[in-house]
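Take a look at the structure below.
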């Protein structure tokens, strides 16, 4: 095998040549994986090979040992582990040697390869000398290329390897990256790589940051880098400061006072936009952290606890100096930029919004002065900036303070929807959406609403960006003016016919530029949800139009070949299904008159959509709405729908689709009750397989446990067929605990898992009690109480879990009311659990369940 030739051909513009080369390489890997890896390593390390071939070799090596898909990732890691030690050693040596290459593409590929191997081996305590080698590579006197690529490797490793594993080597890593980031480093490329590696390593150097001397030195190096004459170095340094503020806000008062305030203010004025963007981002991060701290303080106060963090009020202290800079930057719009481009005026607007949320009323006067000075300016930049500033400060300040200002501004803004400059109209439509979202109370229905609706309707005929913003404003308006009883008329009802006609026109577009078509469909769904009974004939007409569009989309399904066109088509079908879902929910049982046509279309959509299409989820949600509306009448569709539901349940790779399918099995059980029995064997088999799967995302599994509850309640004692297998799974799941120092996601998962287990126990208990078959669960009572005891000992459990545990406790007491479980209920922790549901911090629902459970348990004392 000539690896170099095949690698070169994988980059060929000729698809046939490219595919043939890829096939040859795949065959070589299957035939002799060890030899394949060695040949590629030789090409990577070969200084006489072309740069692009070496890069391709590194990429092929990396892709041979790692993958994004969980199942393939495990397979590749096992393949790597199965290689002879000597082969693995040669691959590592070749990759490390290539870090010194003068060819940047080869060195970067080697860095990615080393990181890919490290991501696997470091978690197994293998390759112990790797970090020592990389740190040595960055030492004084080493070639710049070796320093650069070694620092990049450290950065990649920091991204790929869990921080708890790297924290033991934080000293060595920090020594290397800080040395490379110093102002004494003469090579800009090395300094950039060092700052990049520092950015990636900041999460696991917490111990170093908690040491004042080390922290001071790191901050000194980063602050000095912001003053580099090289803009890329400045940008990277400010990027580090952004992340440092995010991770170590509590340690920043000294540095804010001594350096950061002045440096970032100066940075915002930097003529290089990349630098100024990072400086603005720094203050956005300050505000985000203070919003988070305020929420934590508020939560602690509600629980009558001492807050664990302090708001240092950096934003409030800096507002007088920072706000004028942000307002000035608003005027630096780039009319030639693409919609998705992030520029300094957009960053300033975002930062202004965050400042408003933090400092509240303090922001109103300086912004109001700016608005008054610029909103009538002949320069559109000033006009647009004024509208942007006004719209940016509507979330945060007191609504009572904003109301008279909005009253005064609304006529001006409505008139500005006719501005000759599209950018001004676009921002005005957005500002009207902001008003209807945050200060809708200020809209006087008699004075403002007719003109506002007219202006927004006109906007729906404008450019796609303006259309999207007008749709958002309409959504906010219909939500705000919705009556308490959703079937009554609202202040928006008189405008329904005109608005829905306009939305149907907006959505009848081939493309989805600026997300305008999707926005139109979302707004249509919202109007349907809040429609009065008098508007139902209009909604019925909408259903006819939407069904016709879905039918046409099904007919052209096989004609779509282009990837972009496919994504657009999938988006359209998803939108159509979502509108149908809203209509089904709004009509409720009355949807039966058209349910046959709807179900036919939905099943055809599932049948014709590509396997990986996002449409499947939205079809399932629409079918779920139909189940809930028709209940037992849905039985006529089950035989046709069940095969599609089983396929979705079995799709372990697409966990979101699988999760929706699990929810639908529960919906089906509740809708059909015992009529679901013919389908239970298949559903239960797949659900058990999903629980045992190592591929399926773990967050789906609590819902599966809850689904067992729904099935048990539907079929009663017939659940005996599955009882033993399910109880074994529930007992196994009960043993899962979050280890000390576990991540928040792991803690949340364990809590959700226990909630699912409790719900399963509750459903099974109630099911067998209804059919007088309590003997079926008698052998498992001990496991139920063991779980309840474990939950009681968990001081960090959620109220939802407490409430569910109390419900199970009460169900057991009510079910075994003859004193059979008297000894269990006599345990001291039972009282503790009952009392935990009666505190002043509990909702009334939890208190009621606690009292009910207490009454049930008191009856045990008679025996």
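In the UniProt record's numbering, the protein residues as written are 1 to 863.
Where is the CB? At the ideal position from N, CA and C, for every residue including glycine.
Values in this document were obtained by computation on a predicted structure and should not be read as measured data.
{"Check": "Excluding the 5 residues flanking residue 57 on each side, which residues of the same chain have their C-beta closer than 6 Å to its C-beta?", "Outcome": "7, 40, 43, 44"}
{"Check": "Less than 8 Å between the CB atoms is what I'm expecting for residue 413 and residue 428, so what's the real figure, rounded?", "Outcome": "6 Å"}
{"Check": "Put residue 319 into one of helix, strand or coil per three-state DSSP.", "Outcome": "helix"}
{"Check": "If residue 581 sits next to residue 540, beta carbons under 8 Å apart, how far is it from one beta carbon to the other, in whole angstroms?", "Outcome": "Going by Cβ atoms, the distance from residue 581 to residue 540 rounds to 16 Å, so no, they are not a contact pair."}
{"Check": "Using the rule of at least 16 other Cβ atoms within 10 Å of the residue's Cβ for burial, across every protein chain shown, is residue 80 buried or exposed?", "Outcome": "buried"}
{"Check": "Taking only runs of the beta strand (DSSP E) that begin and end inside the stretch 195 to 226, which ones reach a length of at least 3 residues, in chain order?", "Outcome": "none"}
{"Check": "Roughly how many angstroms lie between the CA atoms of residue 400 and residue 151, to the nearest whole one?", "Outcome": "54 Å"}
{"Check": "Contact between the stretch 155 to 172 and the stretch 719 to 739 is defined here as three or more beta-carbon pairs at a separation below 8 Å; is this criterion met?", "Outcome": "no"}
{"Check": "Using the Cα positions of residue 608 and residue 280, report the straight-line distance between them to the nearest angstrom.", "Outcome": "48 Å"}
{"Check": "If you draw a straight line from the C-alpha of residue 610 to the C-alpha of residue 73, how long is it?", "Outcome": "24 Å"}
{"Check": "Using the three-state DSSP reduction, which class does residue 365 fall into: helix, strand or coil?", "Outcome": "helix"}
{"Check": "How long is the line joining the alpha carbons of residue 407 and residue 432, rounded to whole angstroms?", "Outcome": "12 Å"}
{"Check": "With DSSP run on the structure shown, which of helix, strand or coil describes residue 782?", "Outcome": "helix"}
{"Check": "Can you have a look at residue 629 and say buried or exposed, based on whether 16 or more other CB atoms are within 10 angstroms of its CB?", "Outcome": "buried"}
{"Check": "Which runs of the alpha helix (DSSP H) at least 4 residues long sit entirely within the stretch 534 to 581? Give them in chain order.", "Outcome": "536 to 555"}
{"Check": "Assuming residue 864 and residue 776 form a contact by the criterion Cβ under 8 Å, report the distance between their Cβ atoms to the nearest whole angstrom.", "Outcome": "Residue 864 is absent from the model: the chain starts at 1 and stops at 863."}
{"Check": "Helix, strand or coil: which one does DSSP assign to residue 407?", "Outcome": "helix"}
{"Check": "Taking only three categories from DSSP, how would you classify residue 86?", "Outcome": "helix"}
{"Check": "Is the beta carbon of residue 869 less than 8 Å from the beta carbon of residue 37?", "Outcome": "Here the chain covers residues 1 to 863 and nothing more, so residue 869 does not appear."}
{"Check": "Alpha helix (DSSP H) containing residue 120: first to last residue?", "Outcome": "104 to 121"}
{"Check": "Using a Cβ-Cβ cutoff of less than 8 Å, which residues in the same chain neighbour residue 762 once the five nearest sequence positions on both sides are dropped?", "Outcome": "709, 804, 807, 808, 811"}
{"Check": "Count the other CB atoms within 10 Å of the CB of residue 667; is the residue buried (16 or more) or exposed (fewer)?", "Outcome": "buried"}
{"Check": "Give me the Cα-Cα distance between residue 17 and residue 270, rounded to the nearest whole angstrom.", "Outcome": "49 Å"}
{"Check": "For the candidate residues 392, 128, 95, 129, whose alpha-carbon lies nearest to that of residue 113?", "Outcome": "95"}
{"Check": "Reducing DSSP to helix, strand and coil, say where residue 433 ends up.", "Outcome": "helix"}
{"Check": "Quick one: any contact between the stretch 291 to 304 and the stretch 365 to 384, if contact means 3 or more CB pairs under 8 Å?", "Outcome": "no"}
{"Check": "Per DSSP, what kind of secondary structure is residue 689 in: helix, strand or coil?", "Outcome": "helix"}
{"Check": "Please state the DSSP three-state secondary structure of residue 791.", "Outcome": "helix"}
{"Check": "What does the alpha-carbon distance come out to for the pair residue 163 and residue 147?", "Outcome": "23 Å"}
{"Check": "Tell whether a beta-carbon distance below 8 Å holds between residue 145 and residue 101.", "Outcome": "yes"}
{"Check": "What's the call for residue 303, buried or exposed, on a 16-neighbour Cβ count within 10 Å?", "Outcome": "exposed"}
{"Check": "In its own chain, which residues sit with a C-beta less than 7 Å from the C-beta of residue 370, not counting the 5 before and 5 after it?", "Outcome": "327, 386, 389"}
{"Check": "Closest to residue 379 by C-alpha separation, out of 343, 392, 419, 395, would be which residue?", "Outcome": "419"}
{"Check": "Return the first residue and the last residue of the alpha helix (DSSP H) that residue 62 is part of.", "Outcome": "51 to 65"}
{"Check": "Closest by CA to residue 265, which one among 283, 248, 250?", "Outcome": "283"}
{"Check": "Would you call the stretch 219 to 231 in contact with the stretch 255 to 264, where contact means no fewer than 3 C-beta pairs closer than 8 Å?", "Outcome": "yes"}
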